[in-house]
Amino acid sequence: MRKIYKIEVDCAHCAMLCEREAAKVEGVGSAAINFMTQKMTLELEDGADEKKVLKAVIKACRRIERGFDIEL
Amino acid sequence: MKRKHKIMLARIIASAAATLVLNLIPLEGIPRLALFSAVYLAIGYDILFDALRGILNRRFLDENFLMAVATVGAFSLAIYSKSGDYNEAIAVMLFYQTGELFQSIAVGKSRRSIAALMDIRPDYANIEDAGELIKVDPSEVAIGTPITVRPGEKIPLDGIVISGNSSLDTSALTGESLPRSIGIGEEAISGCVNLSGVLRIRTTKEFGESTVSKILELVENASSRKSRSEKFISKFARVYTPAVCASALALAVIPPLIFGEWLLWLYRALTFLVISCPCALVISIPLSFFAGIGGASREGILIKGSNYLETLASVDCVALDKTGTLTRGVFEVTDVIENRIDREKLIEIAAHAECASSHPIAKSLISAYGRDIDRSRVKDIEELGGMGIVCEVDGVRVSVGNRKLIKDAPEYVGTRTAVYTSIDGEFAGIILISDIIKDNSRDAIASLKRIGVKRCIMLTGDSDAIAREVCRELGLDEYRASLLPADKISEVEALLSDKGKIAFVGDGINDAPVLARADIGIAMGAMGSDAAIEAADVVLMNDDPSGIAKAIGISRKCIRIVKQNIVFSLAVKFGCLALVAFGFANMWLGIFADVGVMVLAVLNAIRALKTD
Numbered sequence: 001m002r003k004i005y006k007i008e009v010d011c012a013h014c015a016m017l018c019e020r021e022a023a024k025v026e027g028v029g030s031a032a033i034n035f036m037t038q039k040m041t042l043e044l045e046d047g048a049d050e051k052k053v054l055k056a057v058i059k060a061c062r063r064i065e066r067g068f069d070i071e072l
Numbered sequence: 073m074k075r076k077h078k079i080m081l082a083r084i085i086a087s088a089a090a091t092l093v094l095n096l097i098p099l100e101g102i103p104r105l106a107l108f109s110a111v112y113l114a115i116g117y118d119i120l121f122d123a124l125r126g127i128l129n130r131r132f133l134d135e136n137f138l139m140a141v142a143t144v145g146a147f148s149l150a151i152y153s154k155s156g157d158y159n160e161a162i163a164v165m166l167f168y169q170t171g172e173l174f175q176s177i178a179v180g181k182s183r184r185s186i187a188a189l190m191d192i193r194p195d196y197a198n199i200e201d202a203g204e205l206i207k208v209d210p211s212e213v214a215i216g217t218p219i220t221v222r223p224g225e226k227i228p229l230d231g232i233v234i235s236g237n238s239s240l241d242t243s244a245l246t247g248e249s250l251p252r253s254i255g256i257g258e259e260a261i262s263g264c265v266n267l268s269g270v271l272r273i274r275t276t277k278e279f280g281e282s283t284v285s286k287i288l289e290l291v292e293n294a295s296s297r298k299s300r301s302e303k304f305i306s307k308f309a310r311v312y313t314p315a316v317c318a319s320a321l322a323l324a325v326i327p328p329l330i331f332g333e334w335l336l337w338l339y340r341a342l343t344f345l346v347i348s349c350p351c352a353l354v355i356s357i358p359l360s361f362f363a364g365i366g367g368a369s370r371e372g373i374l375i376k377g378s379n380y381l382e383t384l385a386s387v388d389c390v391a392l393d394k395t396g397t398l399t400r401g402v403f404e405v406t407d408v409i410e411n412r413i414d415r416e417k418l419i420e421i422a423a424h425a426e427c428a429s430s431h432p433i434a435k436s437l438i439s440a441y442g443r444d445i446d447r448s449r450v451k452d453i454e455e456l457g458g459m460g461i462v463c464e465v466d467g468v469r470v471s472v473g474n475r476k477l478i479k480d481a482p483e484y485v486g487t488r489t490a491v492y493t494s495i496d497g498e499f500a501g502i503i504l505i506s507d508i509i510k511d512n513s514r515d516a517i518a519s520l521k522r523i524g525v526k527r528c529i530m531l532t533g534d535s536d537a538i539a540r541e542v543c544r545e546l547g548l549d550e551y552r553a554s555l556l557p558a559d560k561i562s563e564v565e566a567l568l569s570d571k572g573k574i575a576f577v578g579d580g581i582n583d584a585p586v587l588a589r590a591d592i593g594i595a596m597g598a599m600g601s602d603a604a605i606e607a608a609d610v611v612l613m614n615d616d617p618s619g620i621a622k623a624i625g626i627s628r629k630c631i632r633i634v635k636q637n638i639v640f641s642l643a644v645k646f647g648c649l650a651l652v653a654f655g656f657a658n659m660w661l662g663i664f665a666d667v668g669v670m671v672l673a674v675l676n677a678i679r680a681l682k683t684d
């Protein structure tokens, strides 16, 4: 399942790092961040719990940029 | 300015003011240390915190770490040497924070201007329910549902207009500023904004399959394919920071073992750390690519990733498909020759004879006639495969076809398609039909030449005579005629062996494999064609071939900016590092160099947004 989220990320380099970290989260097949439009596309693996995955993604990304957030 | 920017600005101003005041008050010893420490923490606590967190998360040696070590070190030195000069540590934090704040605001501003333009996602569709219009989510609308689009609203789904006339603003999709008029029976493409009249549209696609969804998907995923420069910078950052930290350590330990003066060398090592911060590079390089892709999409040029932007910039050979790319791909009646009867009458009869055919030539005859066809005038239509049509129009025997059908006709020799006509067994005239070259094809080729593309080659399935004519008219370098679709691939492969990059431009309808095989596949006139959007690396939303040169121009500018930033930042950094190592610079210069370079690099990167 592919979903697009509105996110908040402040620097372009952090966005690249966040992308890499988000892809490593369990339940995420692939992750892409568009810094210009502030959108994150996540390919969720089948059977993954969206809420849990998002929580883990936020946690992983905040390790890189404190201000990272996903608007729901 | 966002709330967090305002808070930061307040912190910077307050800390700067406090530092000034503290310098005016004569304070000594512990009270002085306590007050200066308070200011230092007020301006830098988040950096210290992030540095600590970085270490805990095993992500050492990022810019926060460098700043934290340098300022804490400078502060400790001031305590140890009892100089009481804590200004340096505070100044470094102040300037660093100011630079970050400036960067964040500038980037946010340019980002919003792009995001607003790329925001083509329709929020709702109006459907009729018991005589009233209600707003529903576009993804819930089934195929075949009539929807209403009022002036000022976005068309939410692809469909056919069933009532109303209006003009559409397609600029968000195509970059084309002229509105396009639309009426009953015409295709309405989602993502366009309805300007003047109320339109009722019967949807032909679900939201997920509509043009607007396809484009959004493309735009929003554009950043996932990384360019070599970006990969270089990530790798560079991974090697660079540990390397400068090691150098700083060496600078702090080795020279004093020889010359003594431990404090002096420690200070130089800390300054070294301040200067070495790689933010200018790591921030500005990805930003340049984002800005370049964003700027291009504002012009109706969608680039699927920054790696393609990079390849596009080094294109020096462009292969173009003829039909649909350089020509309109629709046949038009261009002339009538050898006519024995009035030309209007001839076209009228030929159009009626062809009224049941769906062949492109029949369509061109019907559109040349321009009025409604009265089918009751036509009887006994007989289609002779490979020759033409024989029938009765107004009770008279009519033949329309090639020369095999009408043997006594004079032969036409030339580059256009000839339609021979006979009425009542007598030859009546030849209607010449050809594919019309697009108005701006010539300029498009000229501008490709102007920006330094070495070869422009046309690939076509048409005959040699037609290809030569088009090639001459447009000023192309070479052409390859009578190609089957598979031949186009082998032609492109033959060109691939050359040094520069080759771009193939097609309309995406039957040349998807060729688009995929070239270094860069550029699809044209993609509005409404999913196959093209999928197959190509670069998508030109409108069917104007001058977009090719524009796309190459934009990518070259972007790459130029990236290179400028890499060279400029590294030159300043290494220059300053050398100055510090030999003792010609202090920490003040260090922070000026660091923040200054970052601000300039960011401003330069934002320039990639402007496309003209």
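Going down the list, the protein sequences come from chains A and B.
Heads up: the first sequence is residues 1 to 72, going by this note's numbering.
Heads up: the second sequence is residues 73 to 684, going by this note's numbering.
Beta carbons: idealized from backbone N, C-alpha and C, even for Gly.
Residue 589 (chain B) vs residue 633 (chain B) beta-carbon contact at 8 angstroms: Translated into the one-based positions of the second sequence, residue 589 (chain B) becomes position 517. Translated into the one-based positions of the second sequence, residue 633 (chain B) becomes position 561. No.
Quick one: Cα of residue 11 (chain A) to Cα of residue 88 (chain B), how far? One-based indexing of the first sequence puts residue 11 (chain A) at position 11. One-based indexing of the second sequence puts residue 88 (chain B) at position 16. So the alpha carbons of these two residues sit roughly 25 angstroms apart.
Using a Cβ cut-off of 9 angstroms, pull out every chain A residue sitting near residue 116 (chain B), in sequence order please. The residue you call residue 116 (chain B) lines up with position 44 of the second sequence. Near residue 116 (chain B) there are no residues of chain A at all, since even the closest Cβ is about 14 angstroms away, more than 9 angstroms.
Compare the beta carbon distance of residue 438 (chain B) and residue 489 (chain B) with 8 angstroms and say whether it is the shorter of the two. Within the second sequence, residue 438 (chain B) is the residue found at index 366, counting from 1. Within the second sequence, residue 489 (chain B) is the residue found at index 417, counting from 1. No, the Cβ-Cβ distance between residue 438 (chain B) and residue 489 (chain B) is not below 8 angstroms.
Contact list for residue 10 (chain A) against chain B, beta-carbon separation under 7 angstroms: Start at 1 with the first residue of the first sequence, and residue 10 (chain A) comes out as number 10. Going along chain B in sequence order, the residues near residue 10 (chain A) (Cβ under 7 angstroms) are 176.
Taking 8 angstroms as the threshold (beta carbon to beta carbon), is residue 362 (chain B) in contact with chain A? As a working mapping, residue 362 (chain B) is identified with position 290 in the second sequence. Yes, contact with chain A.
Quick one: what does DSSP say residue 629 (chain B) is sitting in, helix, strand or coil? Taking the second sequence and counting its residues from 1, one reaches residue 629 (chain B) at position 557. Of the three classes helix, strand and coil, the one that applies to residue 629 (chain B) here is helix, per DSSP.
Report the rounded CA-to-CA distance for residue 105 (chain B) versus residue 310 (chain B), giving the unit in angstroms. For the purposes of this step, residue 105 (chain B) is identified with residue 33 of the second sequence, where counting begins at 1. For the purposes of this step, residue 310 (chain B) is identified with residue 238 of the second sequence, where counting begins at 1. Roughly 36 angstroms between the two C-alpha positions.
Please report how far the alpha carbon of residue 459 (chain B) lies from the alpha carbon of residue 476 (chain B), in whole angstroms. Position 387 of the second sequence holds residue 459 (chain B). Position 404 of the second sequence holds residue 476 (chain B). Their backbone Cα atoms lie some 6 angstroms apart in a straight line.
Ignoring anything shorter than 4 residues, give me the alpha helix (DSSP H) runs that lie fully in the region 540-612 of chain B, in order along the chain. 557-568, 584-589, 602-607
Of all the options B:571, B:92, B:165, B:153, which has the alpha carbon lying nearest to the alpha carbon of residue 117 (chain B)? Position 45 of the second sequence, counting from 1, holds the residue named residue 117 (chain B). Residue 117 (chain B) has its Cα closest to that of B:165, out of B:571, B:92, B:165, B:153.
Please go through the region 85-146 of chain B and give each complete alpha helix (DSSP H) segment of 4 or more residues, from N-terminal end onward. 101-128
What residues from chain B crowd round residue 35 (chain A), counting only those whose CB sits closer than 8 angstroms? Numbered from its first residue, the first sequence carries residue 35 (chain A) at position 35. Under the 8 angstroms cutoff, chain B gives 183, 295, 358, 359, 362.
Along the region 631-662 of chain B, what residues have a CB closer than 8 angstroms to any CB found in chain A? none
Quick one: is residue 92 (chain B) buried, meaning 16 or more other Cβ sit within 10 Å of its Cβ, or exposed? As a working mapping, residue 92 (chain B) is identified with position 20 in the second sequence. Flag for residue 92 (chain B) reads exposed.
Report all residues from its chain with a CB closer than 6 angstroms to the CB of residue 527 (chain B); omit the five preceding and five following residues, and keep chain order. Here residue 527 (chain B) refers to the residue found at position 455 of the second sequence. So the qualifying residues of the chain are 389, 549.
Would residue 16 (chain A) pass as an interface residue toward chain B - the criterion being a Cβ-Cβ separation below 8 angstroms? As a position in the first sequence, residue 16 (chain A) is number 16, starting the count at 1. Output row for residue 16 (chain A): interface = yes.
May I have a chain-ordered list of the beta strand (DSSP E) segments no shorter than 3 residues that lie completely inside the region 309-391 of chain B? 373-375
If you measure from the beta carbon of residue 171 (chain B) to each beta carbon in chain A, is any gap under 8 angstroms? Counting from 1 along the second sequence, the entry for residue 171 (chain B) is found at position 99. False, the Cβ-Cβ gap to chain A never drops below 8 angstroms.
Residue 266 (chain B) - partner residues in DSSP beta bridges: As a position in the second sequence, residue 266 (chain B) is number 194, starting the count at 1. For residue 266 (chain B), which the question treats as bridged, DSSP gives the partners B:240.
List the residues of chain A that residue 129 (chain B) touches, going by C-beta distances under 9 angstroms, in chain order. As a working note, residue 129 (chain B) is residue 57 in the second sequence. Going along chain A in sequence order, the residues near residue 129 (chain B) (Cβ under 9 angstroms) are 63, 64.
In the DSSP assignment, the alpha helix (DSSP H) including residue 50 (chain A) goes from what residue to what residue? On the first sequence, position 50 is the one that residue 50 (chain A) refers to. Residue 50 (chain A) -> alpha helix (DSSP H) spans 50-62.
Would you kindly check if the distance between the Cβ of residue 523 (chain B) and the Cβ of residue 624 (chain B) is under 8 angstroms? For this step, residue 624 (chain B) is matched to residue 552 along the second sequence. For this step, residue 523 (chain B) is matched to residue 451 along the second sequence. Cβ atoms of residue 624 (chain B) and residue 523 (chain B): closer than 8 angstroms.
Helix, strand or coil for residue 463 (chain B) per DSSP? Here the question's residue 463 (chain B) lines up with position 391 in the second sequence. In this structure, residue 463 (chain B) counts as strand in the three-state DSSP scheme.
Burial state of residue 334 (chain B) (16 or more Cβ within 10 Å): The residue you call residue 334 (chain B) lines up with position 262 of the second sequence. Looking at its Cβ environment, which holds fewer than 16 other Cβ atoms inside 10 Å, residue 334 (chain B) is exposed.
When the Cα atoms are used, what is the spatial distance from residue 423 (chain B) to residue 495 (chain B)? On the second sequence, residue 423 (chain B) is found 351 positions in, with the first residue counted as 1. On the second sequence, residue 495 (chain B) is found 423 positions in, with the first residue counted as 1. In a straight line, the C-alpha of residue 423 (chain B) is about 13 angstroms away from that of residue 495 (chain B).
Collapsed DSSP secondary structure at residue 477 (chain B) in the structure displayed: Counting from one through the second sequence, the residue named residue 477 (chain B) turns up at place 405. Coil.
Complete runs of the beta strand (DSSP E) confined to the region 393-447 of chain B [at least 3 residues]: 399-409
Go ahead and label residue 605 (chain B) buried or exposed: buried means 16 or more other beta carbons lie within 10 angstroms of its beta carbon, across all protein chains shown. As a first step, residue 605 (chain B) is located in the second sequence; it is residue number 533 there, counting from the start. With 16 or more other Cβ atoms within 10 Å, it is buried.
Between residue 255 (chain B) and residue 36 (chain A), what straight-line distance do the alpha-carbon atoms span, to the nearest angstrom? For the purposes of this step, residue 255 (chain B) is identified with residue 183 of the second sequence, where counting begins at 1. For the purposes of this step, residue 36 (chain A) is identified with residue 36 of the first sequence, where counting begins at 1. Straight-line Cα distance between these residues: approximately 36 angstroms.
So, does the CB of residue 67 (chain A) fall closer than 8 angstroms to a CB anywhere in chain B? Here the question's residue 67 (chain A) lines up with position 67 in the first sequence. True, the Cβ-Cβ gap to chain B drops below 8 angstroms.
Buried or exposed by the 16-neighbour rule on C-beta atoms within 10 Å, applied to residue 122 (chain B): Sequence index remark: in the second sequence, residue 122 (chain B) carries index 50 (1-based). Looking at its Cβ environment, which holds 16 or more other Cβ atoms inside 10 Å, residue 122 (chain B) is buried.
If you follow the beta strand (DSSP E) that residue 68 (chain A) is in, where does it begin and where does it stop? For the purposes of this step, residue 68 (chain A) is taken as the residue at position 68 of the first sequence. Element bounds for residue 68 (chain A): n/a, residue is neither H nor E.
From what residue to what residue does the beta strand (DSSP E) around residue 198 (chain B) run? As a first step, residue 198 (chain B) must be located in the second sequence, where it is residue number 126. 197-201 is the span of the beta strand (DSSP E), which, as asked, contains residue 198 (chain B).
Does the region 218-225 of chain B come within contact of the region 196-210 of chain B, defined as at least 3 CB pairs closer than 8 angstroms? yes
Leaving aside the five residues before and after residue 536 (chain B) along the sequence, list all residues of the same chain whose C-beta is less than 7 angstroms from its C-beta, in chain order. On the second sequence, position 464 is the one that residue 536 (chain B) refers to. Closer than 7 angstroms at Cβ, skipping near neighbours: 553, 554.
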